[in-house]
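Numbering (my numbering), first residue to last: 46 to 198. Beta carbons: idealized from backbone N, C-alpha and C, even for Gly. Remarks on the structure that follows.
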């Protein structure tokens with residue numbers, strides 16, 4: 046996808062920013078979102094925040110470790126899914142079972158669809174079958190009751 050930013054827009058952004066305008070006002074004048082203007086300004090000025098560096102390091106470490114689901118287990122799950130389909134198991138159920146050990150990408154590739162398409166197929170099957178859509182997770186805390194910050198008048 047081609048970036049909407051041109052050298053002329055970059056110059057306009059920097060000129061408006063030099064005038065001391067807020068990013069909201071610059072975005073309004075340029076017909077863009079505030080976050081688009083803020084992100085572009087940050088990149089043009091070459092600012093790299095510590096949190097960005099930490100995120101890069103964490104992502105690189107995750108990539109080095111490889112996928113969370115090992116390759117042999119993924120292949121076995123796809124083979125089991127194929128066997129379940131041959132036995133007449135509904136496609137969505139077979140896909141849902143395979144998703145425990147295989148990547149959505151693997152499941153999608155088997156059917157010739159995207160990983161998002163595979164996830165949607167399972168979601169649709171679960172809704173039709175009356176099964177819960179998500180695995181139970183931990184309860185979320187209400188931020189307003191657990192906050193330790195005092196409210197200023």
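Between the CA atoms of residue j and residue i - distance to the nearest angstrom
i           : j           : result
residue 52  : residue 59  : 11 Å
residue 50  : residue 93  : 20 Å
residue 96  : residue 173 : 42 Å
residue 77  : residue 99  : 29 Å
residue 195 : residue 103 : Per-residue confidence for residue 195 stands at a pLDDT of 49, beneath the threshold of 50, marking its modelled position as unreliable; the derived number appears in the next sentence. Cα to Cα, residue 195 sits roughly 33 Å from residue 103.
residue 110 : residue 140 : 26 Å
residue 85  : residue 101 : 19 Å
Of the residues the options, the one placed nearest residue i, counting alpha carbons only
i           : options              : result
residue 79  : 57, 175, 87 and 69   : 69
residue 142 : 101, 158 and 121     : 121
residue 57  : 117, 46 and 71       : 71
residue 88  : 151, 55, 177 and 112 : 55
DSSP three-state assignment for residue i, whether helix, strand or coil
i           : result
residue 86  : helix
residue 93  : coil
residue 64  : coil
residue 169 : helix
residue 47  : coil
Close-in-space but distant-in-sequence residues of the same chain around residue i (CB under 7 Å, 5 per side omitted)
i           : result
residue 164 : 149
Sequence-distant residues of the same chain with beta carbon closer than 6 Å to residue i, five excluded per side
i           : result
residue 81  : none
residue 147 : 119, 122 and 123
Contact with chain B by residue i, beta-carbon distance below 8 Å
i           : result
residue 146 : No chain B appears in the structure shown, which is made up of a single protein chain.
Same chain only: Cβ atoms within 8 Å of residue i, ignoring 5 sequence neighbours per side
i          : result
residue 67 : none
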